[in-house]
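Going down the list, the sequences are from chains A and B.
Converting from the first sequence to this note's numbering requires adding 551 to each position, the first position being numbered 1.
Converting from the second sequence to this note's numbering requires adding 551 to each position, the first position being numbered 1.
For each residue, glycine too, the CB sits at the ideal point set by N, CA and C.
Notes follow once the structure below has been shown.
There are 2 protein chains.
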Amino acid sequence: MNKVPIPTLERLATYLTALIELNCRKIDTVSSSDIEQATGINAAQFRKDLSYFGEFGRPGIGYDVEELKARLARILKVEQAQRVLLVGAGNLGSALIGFPVLKAQNFHIVAVFDNNYNKIGRKLWDLEIRDIAELAEVNTELQAQIGIIAVPATAAQQVACKLVEAGVKAILNFAPAILRLPEDVVVRNVDFGQELAVLAFHLTES
Amino acid sequence: MNKVPIPTLERLATYLTALIELNCRKIDTVSSSDIEQATGINAAQFRKDLSYFGEFGRPGIGYDVEELKARLARILKVEQAQRVLLVGAGNLGSALIGFPVLKAQNFHIVAVFDNNYNKIGRKLWDLEIRDIAELAEVNTELQAQIGIIAVPATAAQQVACKLVEAGVKAILNFAPAILRLPEDVVVRNVDFGQELAVLAFHLTES
DNA sequence: TGATGTTTGTGCCCAATTTCACAACAGTAA
DNA sequence: TTACTGTTGTGAAATTGGGCACAAACATCA
Ligand SMILES: NC(=O)c1ccc[n+]([C@@H]2O[C@H](COP(=O)([O-])OP(=O)(O)OC[C@H]3O[C@@H](n4cnc5c(N)ncnc54)[C@H](O)[C@@H]3O)[C@@H](O)[C@H]2O)c1
Ligand SMILES: NC(=O)c1ccc[n+]([C@@H]2O[C@H](COP(=O)([O-])OP(=O)(O)OC[C@H]3O[C@@H](n4cnc5c(N)ncnc54)[C@H](O)[C@@H]3O)[C@@H](O)[C@H]2O)c1
Chain A
552 MNKVPIPTLE
562 RLATYLTALI
572 ELNCRKIDTV
582 SSSDIEQATG
592 INAAQFRKDL
602 SYFGEFGRPG
612 IGYDVEELKA
622 RLARILKVEQ
632 AQRVLLVGAG
642 NLGSALIGFP
652 VLKAQNFHIV
662 AVFDNNYNKI
672 GRKLWDLEIR
682 DIAELAEVNT
692 ELQAQIGIIA
702 VPATAAQQVA
712 CKLVEAGVKA
722 ILNFAPAILR
732 LPEDVVVRNV
742 DFGQELAVLA
752 FHLTES
Chain B
552 MNKVPIPTLE
562 RLATYLTALI
572 ELNCRKIDTV
582 SSSDIEQATG
592 INAAQFRKDL
602 SYFGEFGRPG
612 IGYDVEELKA
622 RLARILKVEQ
632 AQRVLLVGAG
642 NLGSALIGFP
652 VLKAQNFHIV
662 AVFDNNYNKI
672 GRKLWDLEIR
682 DIAELAEVNT
692 ELQAQIGIIA
702 VPATAAQQVA
712 CKLVEAGVKA
722 ILNFAPAILR
732 LPEDVVVRNV
742 DFGQELAVLA
752 FHLTES
């Protein structure tokens, strides 16, 4: 169970989203082909992905939606609310805080930090923007393990270090910068420019 | 040159970003290991990626930054400005419009659409929010080939169809929905919840 | 009970991608 | 010229990931 491919993890999240949806629609059993229908991911792929974590379904029947949902949530560590720190109360940071889907998936942004004294103390939705200098201190109490970086690229490395000092073990980085951090900290980068570039490649000459 | 792996394309965008940066710093020649240094991507990987598109460097010397930058931009179709349509003038849409990095990478958001009559006609930064009903008409003039979907998941499919009708060939979709579109339309999905889930997986029990 | 139809879990193979390793090339210096 | 250092481009090996296909498990119904 130690060697789970990253693509598998990404798909698990997709399955979970689909299951939450199905659960809302009072559907209580699904087959792997139902999942393919709902997510576009190959049914065999789905079964293989699950097989990394044991057995989940019953041959001839399928999967219990409620149970599968619970087990996937457990695997992805979101059975209980995951606390998340956000650094950077700019355009993107504001959008993230006002993004209800995150909470629905059990990721709770519990604090926002910035270094701009015009912003510190103000409210962003229902959260007060705090001084980045207080990050470590605040997190001794909150004990969040996940951090989101939404500051300019030039400040990203510095902010990442502060997050790590504060005990954060996983970082979602929106700044176009590569972060150099200890081995045991997991980083994922999101780069919109990169996404657009891949799209543009497929276009014919304009 | 017909079968370029997607991961290669993603990395090309990263190289280009790094080269723009290096160019600004007046560095005129780089080796593949300099690129590894700057991007974290293995030097051999870099050379192999380039090899899909011909020869770029000189043995013993390295690569001319200016030239490589220009050639990558050409490959990724961003030598000239790429026009982009945005649908959804909400939290995320606003953040995207106020995001200068896109323009620096030559992606120009040239029109914003919404279906909320309280928003239509208002300005978002320097762009006027237009009625989604005008999408096709507006694009007969603009001829944008790329569209961004930043509307709720429930409206995503419908908006996608409208974009395609308007001539868009590539879509960046931020809504957590799977889009069913003609074969010749390229789609990339961005899902923050998924990114966070992959991060959370690596955490120890909280 | 047995026959029939579904659906899972997974061994196995193939395709895609990454990494290695080295010949070929370019410069430099004696 | 020769020797030496540095660096590319690329076949070939290694690794990784995806999907088929089938035995085994379960339900249903006569
Ligand atoms: N706006 C977008 O749609 C978008 C999209 C993708 C990526 N990004 C990236 O996300 C990051 C933020 O983008 P944005 O548009 O929100 O920028 P922004 O300028 O609106 O906000 C950045 C915020 O970070 C704060 N900040 C700067 N340095 C800081 C530091 N050292 N410590 C704490 N806070 C600091 C600023 O005060 C500001 O509030 C950038 O790196 C950008 O490239 C933005
Ligand atoms: N806010 C975020 O940080 C964030 C992050 C990732 C993904 N997303 C996704 O992006 C999408 C937009 O998020 P948001 O936070 O900006 O939401 P939002 O509610 O702030 O904005 C959505 C906008 O879309 C418009 N709209 C709705 N239906 C439409 C239609 N049929 N045609 C045209 N316009 C329509 C609405 O009027 C509104 O202005 C959602 O799918 C969300 O899940 C948001």
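Is the CB-CB distance between residue i and residue j below 7 Å?
i              : j              : result
residue 602(B) : residue 594(B) : no
residue 751(B) : residue 726(B) : no
residue 711(B) : residue 686(B) : no
residue 661(B) : residue 680(B) : no
residue 573(B) : residue 629(B) : no
residue 619(A) : residue 604(A) : no
residue 639(B) : residue 701(B) : yes
residue 560(B) : residue 749(A) : yes
residue 623(B) : residue 567(B) : yes
residue 766(A) : residue 632(A) : Residue coverage of chain A in this structure runs from 552 to 757, which leaves residue 766(A) outside it and unanswerable.
residue 582(B) : residue 613(B) : yes
residue 641(B) : residue 676(B) : no
residue 562(B) : residue 586(B) : no
residue 635(A) : residue 753(B) : no
Under a three-way DSSP split, which group does residue i fall into?
i              : result
residue 755(B) : coil
residue 741(A) : coil
residue 576(B) : coil
residue 685(B) : helix
residue 623(B) : helix
residue 562(A) : helix
residue 679(A) : strand
residue 674(B) : strand
In angstroms, rounded to a whole number, what distance separates the CA positions of residue i and residue j?
i              : j              : result
residue 696(A) : residue 647(A) : 18 Å
residue 722(B) : residue 556(A) : 27 Å
residue 637(A) : residue 625(B) : 36 Å
residue 698(A) : residue 720(A) : 8 Å
residue 694(A) : residue 715(A) : 12 Å
residue 718(B) : residue 569(B) : 32 Å
residue 565(B) : residue 745(B) : 21 Å
residue 668(A) : residue 682(B) : 38 Å
residue 688(B) : residue 670(B) : 19 Å
residue 577(B) : residue 597(B) : 21 Å
residue 713(A) : residue 704(A) : 15 Å
residue 657(A) : residue 743(B) : 12 Å
residue 665(A) : residue 580(B) : 37 Å
residue 674(A) : residue 645(A) : 10 Å
residue 709(B) : residue 728(B) : 11 Å
residue 678(A) : residue 672(A) : 10 Å
residue 724(A) : residue 740(A) : 5 Å
residue 643(A) : residue 747(A) : 17 Å
residue 599(B) : residue 558(B) : 12 Å
residue 627(B) : residue 692(A) : 47 Å
residue 755(B) : residue 554(A) : 16 Å
residue 609(A) : residue 651(A) : 34 Å
Got a sec, what are the start and stop residues for the alpha helix (DSSP H) residue i sits in?
i              : result
residue 600(B) : 594-602
residue 641(A) : Where residue 641(A) is concerned, there is no enclosing alpha helix (DSSP H), given that its DSSP letter is neither H nor E.
residue 655(B) : 651-655
residue 585(B) : 583-590
Let's see if you can read the secondary structure: which residues bound the beta strand (DSSP E) around residue i?
i              : result
residue 701(B) : No beta strand (DSSP E) holds residue 701(B); DSSP gives it neither H nor E.
residue 722(A) : 721-724
residue 632(A) : Element bounds for residue 632(A): n/a, residue is neither H nor E.
residue 735(B) : Premise fails: residue 735(B) is in no beta strand (DSSP E) and is neither H nor E.
residue 661(B) : 658-665
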